[in-house]
Amino acid sequence: MHGRGVLSKPAVIGISGLSLNQGEAALLRRHRPKGVILFSRNIKNKPQVADLIASVREELPPDGVLMVDQEGGRVARLKAPHWPDLPPASSLKTPEAAFAHGAALGAMAAEAGFDVVTAPVLDLAYPGASAVIGDRAISENPEIVGQLGAKLAAGMLSQNVTPVMKHLPGHGRATVDSHLGLPRIDAQASELERDFHPFIVNNTLPWAMTAHILYTALDRKLPATLSPAIISRVIRRHIGFKGILVSDDLAMQALTGTPAERALAALAAGCDIALYCPGDMAGNTALLEALPDAP
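So the mapping is simple: the working numbering equals the position in the sequence shown, first residue as 1, plus 760.
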């Protein structure tokens, strides 16, 4: 890694392909984002991933992170036959199974060269809700989700991989996939307490991810990712999360505006890191140029 001091842009971005192209390398070098997140388009096999991660790290700041969106089940970027298949979180029934799942997830990510993995999902399973969560949820029971989610995260931490609990303050009730549109949840604040519970139990975890969801009882106008009220009153104070808060992917269709406008709004609302995943050069450039440096 190049030693360039501690300043970086408060963003994690995607890249376009299986190797870092010259334009992307120059962009990382010039703007020093906090990290890079890889998806299936960036992953072919172990040697290729090792080479890609080495080239990305060469351009990131010294404390830069490599992230991967990996849970098990249908959310898997590290795939067989090069990496083991893990089941969906809904299959986990005991603390021992949850810890083992987290340890296996952490081990494969660490061995591949990643620092941060976007799991566990602590959203509740709700019958009739959008299938975007579905079997990614551990259970419909808040106590079980809180307990097994903690064990899953502990398994990841045992492999020196940072977990990211998601999606605060709770995505489970949504009947719309936030990749495709803005979900609206009209439950009363008192009803939402059960959704908050797993996050409260796990509020000492180091990283968490917001939800692009409009909770009308909490903020009638802005989705959680862009809501100063939800981030300060609910996520920071009520849930008690003090760690690094990263937005969900700002390219999702739940949000409007340019990539730069979305990122600035998320950071202004209280997110620590703006996450922009598509890997398009124009969006990455505009977003990074708009953001201030941060320690």
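Backbone N, C-alpha and C define an ideal beta-carbon position, used for all residues, glycine too.
Excluding sequence positions up to five before and after F799, its CB lies within less than 6 angstroms of the CB of R837, all in the same chain and listed in chain order. The stretch 1038-1045 makes no contact with the stretch 956-964: fewer than 3 CB pairs, one atom from each, lie closer than 8 angstroms. E856 sits away from K926, with the two beta carbons spaced by 9 angstroms or more. Residue state for V924 is assigned as strand, using DSSP reduced to three classes. Contact between A1050 and L1024 holds, since their C-beta atoms are separated by about 6 angstroms, short of 8 angstroms. The beta carbon of V924 is closer than 6 angstroms to those of T878, W967, M969 in its chain, skipping five residues each way along the sequence.
In the three-state reduction of the DSSP assignment, L1015 falls in the coil class, being assigned neither a helical nor a strand state. Note that the C-beta distance between A872 and M916 is not below 9 angstroms.
Looking at the backbone, the Cα of N802 and that of S950 are separated by about 42 angstroms. Contact between L928 and I999 holds, since their C-beta atoms are separated by about 7 angstroms, short of 8 angstroms. Our two residues, A1014 and L940, have alpha carbons roughly 6 angstroms apart in a direct line. Between Y1036 and L1047, the CB-CB gap stays under 9 angstroms. Per DSSP, A870 lies in no beta strand (DSSP E); the unbroken alpha helix (DSSP H) holding it starts and ends at 855-872.
Exposure of Q948 is indicated by the presence of fewer than 16 other C-beta atoms within 10 angstroms of its C-beta. In the structure shown, T970 adopts extended strand secondary structure according to DSSP, grouped into three states. Contact check for S779 against L812 passes: the beta carbons are separated by less than 9 angstroms. R1022 has its alpha-carbon roughly 7 angstroms from the corresponding atom of T1016.
Shown here, P902 sits in a helix according to DSSP, grouped into three states.
Positions of the alpha helix (DSSP H) runs, each at least 4 residues long and wholly inside the stretch 769-804, are given as 782-791 in order along the chain. Assignment of A1034 by DSSP, reduced to helix, strand and coil, places it in the strand class. For C1031, the closest alpha carbon among the candidates L986, A1054, I898 is that of L986. Cβ contact annotation for N805 (same chain, cutoff 7 angstroms, sequence separation greater than five): H842, in chain order. Taking C-beta atoms under 8 angstroms as the contact rule, V835 and D875 fail to qualify, at a distance of about 18 angstroms. Counting the other CB atoms within 10 Å of its CB gives S918 a total below 16, which places it among the exposed residues.
Between D829 and R789, the alpha-carbon positions lie close to 24 angstroms from each other.
Counting along the chain, L826 sits inside no alpha helix (DSSP H); it lies in the beta strand (DSSP E) bounded by residues 825-828. For the 9 angstroms CB-CB criterion, T922 and S890 do not form a contact. Bridge pairing for G832: V835 [DSSP].
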